[in-house]
Every structure is written in structure tokens, then in C-alpha cells.
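Here is the structure we will look at.
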Amino acid sequence: MSECNLTEGIKGSVFNIQRFSTEDGPGIRTTVFLKGCPLRCRWCANPESQKPSEQLAHRASLCVGCGSCEAACPAKAVRLDYAVQKPKISIDREKCSGCGACAAACPAGAMKIYGLTMSAEEVLAEVKKDLHYYQRSQGGVTVSGGEPLAQADFAAEILKGCRGLGIHTALDTCGYAEPGELKKVLDFVDLLLFDIKLFDPAAHQRFTGVRNELILSNARLIAESRIPMIVRIPLVPGVNDSEKNLSDTAAFVAGLDKKIHINLLPYHDYGLGKYEMLGMDYLLTDTKRPDEKKMQKCREVFERHGLDCSVI
Amino acid sequence: MSGATKSRANPINSGEIDKVNCLTARVEGLMKRRIEAEEHICSERSRLATESWKETEGENLDIRRAKLFRRIMEGNPIAIREGELIVGSQSKYVFGASPYVDYNPAVAIENLKEGATGGSSVKVAAITEEERKSLEEDCRYWAGRSTGDAVRRLENEKFPWLRDWAESGLVNAEKTGNPPGTRNVDYGKVVKIGLEGVIAEARAELDKLEYDKHPAEDYKKDCFLQAVIIALEGAITYAHRYSKLASEMAAGEADPVRKMELERIAEVCRQVPARPARNFHEAVQSFWFIHLCINLETAFLAECPSRLDQYLYPLYRKDVIEEGRLSRREAAELLACLFVKFNEITCVKMSYDKKNIPGTHLQDVTICGVTREGKDASNELSYMMLEVLAQVNFPQPPIYVRYHNKINPEVWMKALEVNVRRGDGNPAFMNDETRILSFVDHGIPLEDARDWAAAGCAGSLVPGVSIHGGSLGINYINLAKVFEYVLNNGREPKNGKQIGLQTGDPRSFTSIDQFIDAFKRQFSHLIGIMAKMSHITCFADISNYHIPFTSALLGDCISKGMDAREGGVRYPQFLYHIADRGLQNVADSLAAINKVVFEEKKLGISELLEALSVNFEGREQVRAMLKAAPKYGNDDDYADEFFSDLSLWLQDRIGQETNPFGTRLWSGRSGAVAHVTFGRVTGALPDGRKAGEPLADGFLSPSQGMDLNGPTAVFNSASKVNHVQNSTGALMNMKFERKLFDSKAKLSRLAAMIESFFQRGGFHIQINILDRETLEDAQKNPERYQNLLVRVAGYSAFFVDLPRNVQDEIMARTNERV
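Protein sequences appear in the order of chains A and F.
So that you can map any letter, position 44 of the first sequence is 44 in our numbering, and since no number is skipped, the others follow by simple counting.
So that you can map any letter, position 487 of the second sequence is 487 in our numbering, and since no number is skipped, the others follow by simple counting.
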């Protein structure tokens, strides 16, 4: 489209583009996941999103044990062993540069590189495939992460391009970014999905690796900008499900604007398999998915503060 | 409310209907009785037919068939059961049928064998010793005399090689044993003018015969019209037997409420179907009698009510909306009684059909769409049928909703809501615009095209003036097998027999175009033979087996004076079509060869053939490469173009042949789960599919587990096909988790997806709501899941009734977004 005037040459790292995304804003959406995040939330369900650099994942279920990966690796980081008839691939993560030679050689698609450098035009080409569905369902595009503001220029290019195509845009952010970075995208965003994971700054640091003062001040900035916002809270038992934390968060949000909607996302461990594929350690053991009764109770805390709250 | 809706053509009081509970104690009793009923094979229809046939030896075929039908009407056991308002039972059992020995005793013989499963599904049907003896005696009489025997004799004489074709799995020669075809008769005409009105039409045609110019032809017409009158009078007799029984029961009934009901039933059955229905109750009963009579004359698996919400509507509107003499609850209860009844219809099937179309009949009800004038036809009755379908959560009837741009949005959203509530793909959705365009493109006048309805497994036709031939003749062709012949220079790899054309040694091929060309030549060769063969076998079937009662209710049989199967219907072109199956696997195979062999040069053709011949044993690396190649269903033109180009080419090529009635042969892309039976006999393919695994399902669904970009990508891939050219429709199945659509807001996403697909020409879509855990648990503990419904291919069945491999296959289909 002529009106989208994209800045030449801005590229970014994308780890997934998910079509028919139904949990990241209204209607049928495509969610563009940008790689790299300043937070290290212990419950993170997308471990592949954390590091900004390329990361190799091994999907053992697809592996045929042919050894093409071992032969292809220039850094000698991949080794194939046979343990009880089943092929076992070991990856030396120190040596692996994420160059992708093994993935290119793997006939089975068992070696996958997370993190693809793409231009905004390339992302838009993918996004455009489902224009029909956005129009019919009042859906659109959500830029998520990782933390999209860690690549604010790239995120802004994508969002601007979507605007040019008349597509509704949403930004899904943890809010941890310099206000200047946030301001780069705000002009092109129709809806913010904004995480407030924990209210107490020290607890926030303990469970996510960073304090939250910056996040809360960004929340104020967005509220002042009048862009519609949904505050999203992943509800993790033993981490942020205390009455006090929820009540403090609710009071803060209600103080910003009572029209802000709250989404509660019950904790799940569906991402566990990905930790294994990436050779990463999962930091939150023995945590169970909260049941409906618990979610209902948490929801009531927000409703007591006069906020609309739903469990998704 | 009424003030606001007065100006609307078809007012809909949705709020009232949403509140209606049709599961009254009566309806729950009917449902419980049906669930607990054991399936029976019974002998009465068979015995009556046999007796009549013996007595009429030497008479004209039409007359003989009419007398046979009349005898069934006079003698088949009747029953009015506790609580019934709509009456009429197929046999003396709640759930039982008699095999159609007069068409093909082989079905009964197979079902009577020691250890045979019997009945309609894989469950064992009960039979008494007495009935077994009676059926065995009938079978001995019909052996050598039946239509099935005549067709087999001809096939053996003319096409001795057909056995090789059948064994190889190239065609569906292991055939159905029941009188083929879907029958969508003009039920509405009977509701409106009664059978006496139809008899009057036949008499008027008889009076026109003068025998001066075409005496031979006129004599044929004379016999046919006499036959029609005999058959219709038979059906009136049948209803009057019910009226009499109801009166007798009423006389002996102590409960005053039931006594009144029985008196009403007696009155209703005296009126209909002989004379026009005067109220909604009579309209429903009139329909049901006709439906039952069709099944008792002869049935395949697909006697379709068609546009039930249209022809019952005038009396619904009069009773419920205009005069208020019937409450919405009462109307819904009558519908619920009818819907339970649909589930009491059964059919004794051959093992081929049990494997391919297990479970129940395909009694397709079509709702909404446009009128013959092009206006929105959806009405309050359409809306109520959807609600009743949700409450009476039984497999039958499968409802097809005709979507169009002007459809009443309340009815449309209701259809989606019920789809998600039931979760079994019922109702399914069809696109009016594509079908109407397609029929007009195939030479059907616009007004008739607008009247189309679903038939069989997601097929379509013009109801009341056409019937499908179903499996008349050999009509399914396995495209994956055709591709196997390309890979083996026309030989069947299992036994080395030269069945196909020698299209060249693929080792010598240097481009993908050579593979495509070889496939086209291979297909052309085989389709030519199939078409010729069908002309002969179709007429062996048609000329031996007439259906005067059904014909009487199909235009223009009476005015032409000709049986429906002989071509008396207005559009005989529907009687025979070729169903080409497995194109997804062919397209994926071409994409894989192009990518891995010609582009990346990672694999030689010899190595490929070698890997296929050993079913990838020890060649996992080769298989992995092939599987990683682009696949149809991912919105990737690389594979999608092979699919859409060949789809169009196949339609054109099939259209170059003629059907037995001399018109352009049609391709049918709807239809049963042939992908399981065809898959079982098809070897390993270059798309990475192993020998024996099912082919891709339907005509448009991607290969199992190969669609990785979600449903919008699948829809986009399927939209690249020219749907207008698909003469009867192309089947598309999808499966979602319920939670994707469990609120009104989320439901609009489903609407958006379907509307977008239809906007770009897609024709059919059926959405199943299921999760894998449920199915796995159901497989382990069937007793806990007696009510679990799944949509197999254009219809629903109880999951626990399905053969294990079909269960496995349903589970393997991608569960979108797990």
C-alpha cells in the first residue's frame, strides 16, 4: 500500500507469527512475537522469547537420528549418541552460535532455530494473508514478545504498516521500557495489553528479575494518553495470588481509570516442553494451575474495586 | 415485539424460542426408549415383498414393483407406542429394519452369517430364529433373480478385470449392497395437496394417453401411471391402518389425556397424507408418513427431507404466529417427537457400508437459504429447528444451514451457537451463492437452482426433481492409487499387474511437469474406462429396479410417465457422478518430489521409489525430508497450486465424459469416508504417508496433522480452488476446541471465519468441537461415552459405535490449536 511509507531497512528478530490468534485482543488476530525480553519471569511459558539472539531447539519427537546435524555443525556443538536404541542429541549451548546450519541440514525439521531476522515488509506480507478475517471479525494484529518495546523501532514500523492497511493494532507489553521507547509506538496503537505481574517492587524483582517502578509509571503514561488499555495478570499461585497483591494492583488500576478492563490468565505449564528443547531450566516447580474457584475469588477482588475483570 | 416484527416477511420471536424447553416428560421418554432399544434385523418387509413378487410374475415391471410396495403397506407391522404424538414405525421394533432382499439378497446373506455383526453398524443386531429362517428362505428365492445379481453377472461378463481394479483399491468395486442413491422427494407437495392430489395428477396424465402416435411409449407410460396410483393408494391404506389402530387404542385407554391424544392421532392419520394437512401437527405427520414409506419402498442410506423449514412453515406460521392456536412449546414438542423418530430409522448394511458410512442414515434436513425468488428464506421454524436440534442431542437429523449474505442474522448466529453447543459438526454450513452459481453453470434454471438442498454426505441437488445415484455403478476413483500407477509405470505395486497405462518409467523423468503429465494421462485412461463401464452397469441396475412410490413424488416423472431412476426426474444428470478422492495426497506428493528431488536435489527418483517400496522401513531420513516439504493446507502456494490446478483439470476432464443419460459427467467432491478404505490399500506415497494409512479426509481437508498454520491458512488454501465448478460440492472438515468459541463474542470469530471462506467461494464447512483427551478416554471407556457424538463425513455418529480405525483417524485429525 502506498500510504504505509515504511522506513527503509528496519529489521528485527521474530520468533513466531501466529495466525488465528484468539487470546491477544478482539476478533481474529495475527500475533507477531518479537524476540528478546528484559524480564525473566519464573513462570514464563515462552522461554524461546527471552534471549534476543537466535536459539537452537531440538524437537526429539521428530528426530530420526540420522546425524546430519552433527555433520553440519561448524562449531562442533551438536553430538549424536544412541541411548537404548533411541537417538539422543546433545547440544553444547556454550559453543552453539545459533547459526542454523544444523537446522538447514536436518531432514526431519527436528532442529529449529528460534529467532528469524525479518524486515517489517516481510512481517506485513505474512500479516496481510488474513486481512479477510480481521475485517469480518473486527480483529487485527497484535505485536507481542518477548518484549516488543525492546525492539521499539521495529515494532513501530510493523504497527505503522498495519495502520496503513486499515488493520486494528494492539501492543502486548510488560511495560518495562524507557518512556521514550514507549512513545515511539503509541501513535500507531489502538489497544494496549499491559502486564502488571506483581505490585510490590521487591517481589517483582525476585520473581521477574527487575523492579516495577518503571512499569507502573508507564502504565500512568498510557492511561493519560487515553489509548484503550487492558491490564493482564498471569495468576501464578504462591507468587502473585495473595489478596494483598491483587488488592494493591486493583487499587492502582482503579486509580488510573475505572474503565480499564482486567484479564486474569491462570498459570499453566504448557511451556515446559520448550524448556527441554532449548536446554533451559524451568524455575517454577510444583506449581499447579489454579482452579476455577480460585480464579473466581481473585476476580472478585478486582470487582470490589469497581473494575471489570474476566478470566481468559 | 409483534409490532416491531409485523413488517418483516418472516417474523422471528427468538426470545420466546430460546426459552422453550422441548424436553418434556414425553420427549424424554421417547429418547430413553430409543437409547435403550436394541437394533433388530427383521423379516416382515422381506417376506411381503417376496410373496408379492411371486404372485405377479409375468406382469409389467412398474406394476409389479407397485404391487410389491402396496403389499408392504398393507402388511408391514404397525405400532403406536407410549407417549407418541407422531406415529409410524419402520418395523415392529423401535429400532429395526428388514433387508431389501428384492434388490440384493447378498446383504441379508452376509448379515445372517455366523459371527456377522449385522444391522447398520459394527454392533451386533438381534434376530430371532424364526425371522432368520424366514429371511434365509427369501434369500434363496431371490438368489439369481435380484438386481444385484443382474449387475454382478454383467460385470463379470463384460469387465472380468474389474476384480483386479477392486483388489488394487483403484475404485470402490467392493460395493454397497443396498439400492443406491439419495432420495430427496417432494414432501412439500404432499403436505400441500395430499396423495389424493397426486393421484389426480396421474389420472389426468393417463387420460391424455391416446396410443395413436407412439403406442409403445404410451403403453410404458400407462403402466407407470397405473403403478403410481397403486403405490399411492397403498400409502393411504398404510396411514388409515394407523388411524384405525389409534381409534382402537383410544377406546381402551383409561388415561383421559392419552385417550384424547389417541383420538387426535386417529383423526390426523385419516386426513394425512391422503389429503392436504390442515395444521402443523398434520403437516409433520404427513411428512413422517411419506418419509417412512420411502424407506419401506427401498432405501439406501440417504433419504433426505430437504427444505423441511420451508414446506412445513406455512402451517407453522398459521398455527403459531398468526392464529396462536398452537404454542411454541407445543410446536417444539412436535418437532422433538419428529427428531427422535429420525433416529428410529435404520437399514441393514453390507460390511462395505458399515466400514465406509458407519452408524446411521443421512437424513439431511436443509434450512435457510433463499426462496425461489431470491429472498431470504430463513424463518422462525428454521430457528426453532436449531434449538430443538440442540436439545434433542441425537445424531439425526443432520441439518445443513444454507448461508447467504441476506440470511437473518439471528438465525445464523443461532446455527453457530448450536454447532458449538452440540460439538458434533451438526448443523453444518453450506454456501448458497456457490451452489446456485454452480447449478446455473451446469444448466439448471435459476429458480430451481435456488431451491437446492443437501443430499447424502454433504452433496447437493435440486430436491423434488432430482435424485442422486449414490453408488450406482462404479463411481469412486482413488487418485492416490492413480499416482501410485504413475510411480510404477501403470503397474499395481502389490502384484505387478498392469492395470493402468504405461506412462513411462519415472526414473527417466527430469521435471515435475513430466509427473503431472503422466498423472493426467493415467487418469484420462482410467476415467474413460470407468465412464463406459458405468453406462452399462447403471442401466443393468436401473432397468431391473423401479421405485414407483418415490417416482410419484419426484417431478417430472408423472408428466414424463417414467420411473425416476430411468430418467423420469427433471434433472437426470444427478443420477451418476464420479467422486475423485485423495487429491490432497497427490498434490503433497508432487510438492515433495518437486522440492526434494528436483529443486534441492537431495534425493534421486530411484531412491525415492526404493524407499516407497519398503514403506520407508530403514528410510526414515527420506521420509522425514518428504514430510518436511510444503503441504497443501498451509496457505503456501507451493503445494496449494498443485492442488488447485489439478482440481480444476480433473473437473474438466471428468466433464468431457458423459453420464449414462448422455449429459456431461459431474465430479462429486462430497461423500463418505472413502479415504479410510482407499487408504488401507494404497502404498507409501511421496508425501511421506505410509502404506495403509488413511488418505486425507473429505476433498478439501489437509492431510492429517500437516496443516501447521492454523485454520485461517487452511481456509485460504481451500479458497484457491474453483468451487463453482464442483458440481455437487466439496467436503471440508475442521475441528476446534470448544473454548475457542464459548462466548457470544468468540462465536463471532467462528462466523467471521466461515463467512470469509464463503465470501471467497468455499461451499461446505463442518466444525467439530472436541478435544483429544475426551476421545482417548472414550476409546478406553466406551460405556461412559454412549452419547458422545462425532461428525465423520457429512454426518454424525455415536463415537463408540465406530470401528477402531475410524476412531483413530478422527483422533489423528489436527485438533486446531491444542
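Using N, Cα and C, we set each Cβ at its ideal position, and we do this for glycine too.
- The beta carbon of Gly710 (chain F) sits closer than 7 angstroms to some beta carbon of chain A.
- Of all residues in the region 107-132 of chain A, the ones placed with a Cβ closer than 7 angstroms to any Cβ belonging to chain F are Pro107, Ala108, Gly109, Lys129, Asp130 and His132, in chain order.
- Among the residues of chain F, those whose CB is under 8 angstroms from the CB of Gly27 (chain A) are Ser748, Arg749 and Ala752, following chain order.
- Of all residues in the region 36-63 of chain A, none is placed with a Cβ closer than 7 angstroms to any Cβ belonging to chain F.
- Listed in chain order, the positions of the region 167-188 of chain F with a beta carbon within less than 8 angstroms of a beta carbon of chain A would be empty, since no residue qualifies.
- In the structure shown, the three-state DSSP call for Thr56 (chain F) is coil.
- Restricting attention to F:Val411, F:Arg402 and F:Pro397, the CA atom closest to the CA of Leu301 (chain F) is found in F:Pro397.
- For Glu84 (chain F), the secondary structure class from DSSP, reduced to helix, strand or coil, is coil.
- By the neighbour-count criterion, in which 16 or more other beta carbons inside 10 Å mark a residue as buried, Ser286 (chain F) falls on the buried side.
- The criterion of a C-beta distance shorter than 7 angstroms is not satisfied by His40 (chain F) and Ala150 (chain F).
- Within the same chain, and ignoring the five residues on either side of Ile63 (chain F) in sequence, the residues whose Cβ sits closer than 8 angstroms to its Cβ are Thr56, Cys223, Gln226, Ala227 and Ile230.
- Residue contact with chain F for Cys66 (chain A): present (Cβ-Cβ distance below 7 angstroms to some residue of chain F).
- For Ser310 (chain A), the uninterrupted beta strand (DSSP E) segment begins and ends at Cys309 to Val311.
- DSSP lists F:Arg402 as the bridge partner or partners of Cys368 (chain F).
- Within the region 13-25 of chain A, contact with chain F at the beta-carbon level (separation under 8 angstroms) is assigned to Gln18, Arg19, Phe20 and Thr22.
- When C-alpha distances from Arg749 (chain F) are compared across F:Asn733, F:Ile767 and F:Phe763, the shortest belongs to F:Ile767.
- The criterion of a C-beta distance shorter than 7 angstroms is satisfied by Ala540 (chain F) and Leu154 (chain F).
- Within chain F, no C-beta atom comes nearer than 9 angstroms to that of Arg289 (chain A); the closest sits roughly 14 angstroms away.
- Counting other Cβ atoms within 10 Å of its Cβ, Asn172 (chain F) reaches 16 or more and is therefore classed as buried.
- Annotation: Lys221 (chain F) is outside any beta strand (DSSP E); the continuous alpha helix (DSSP H) that includes it extends over Pro215 to Ala251.
- In this chain, the beta strand (DSSP E) harbouring Lys86 (chain A) covers Lys86 to Ile91.
- Within chain A, the residues placing a beta-carbon under 7 angstroms from that of Ala628 (chain F) are Pro107, Ala108 and Gly109, ordered along the chain.
- For Thr550 (chain F), no beta strand (DSSP E) encloses it; the enclosing alpha helix (DSSP H) starts and ends at Pro548 to Ala552.
- DSSP places Phe289 (chain F) in the uninterrupted alpha helix (DSSP H) bounded by Phe280 to Glu297.
- Here the C-alpha atom of Arg42 (chain A) lies approximately 11 angstroms from the C-alpha atom of Gln205 (chain A).
- Taking 7 angstroms as the cut-off, the Cβ atoms of Gly169 (chain F) and Arg275 (chain F) do not count as close.
- Residue state for Gln498 (chain F) is assigned as strand, using DSSP reduced to three classes.
- A Cβ-Cβ separation of about 6 angstroms places Gln55 (chain A) in contact with Gly115 (chain A) under the 8 angstroms criterion.
- Pairing Thr712 (chain F) with Gly668 (chain F) gives a Cβ-Cβ distance that is not under 7 angstroms.
- Annotation: Cβ neighbours of Leu740 (chain F) in chain A (cutoff 7 angstroms, chain order): Thr22.
- Among the bridge pairs identified by DSSP, Ala428 (chain F) is matched with F:Tyr400.
- Shown here is that no member of the region 214-248 of chain A has a Cβ falling below 8 angstroms from a Cβ of chain F.
- Assigned with DSSP and collapsed to three states, Met295 (chain A) falls in helix.
- The three-state secondary structure of Gln55 (chain A), taken from DSSP, is strand.
- Put simply, the region 273-280 of chain A touches the region 54-74 of chain A. At least three CB pairs are less than 8 angstroms apart.
- With fewer than 16 neighbouring CB atoms inside 10 Å of its own CB, Leu283 (chain A) falls in the exposed class.
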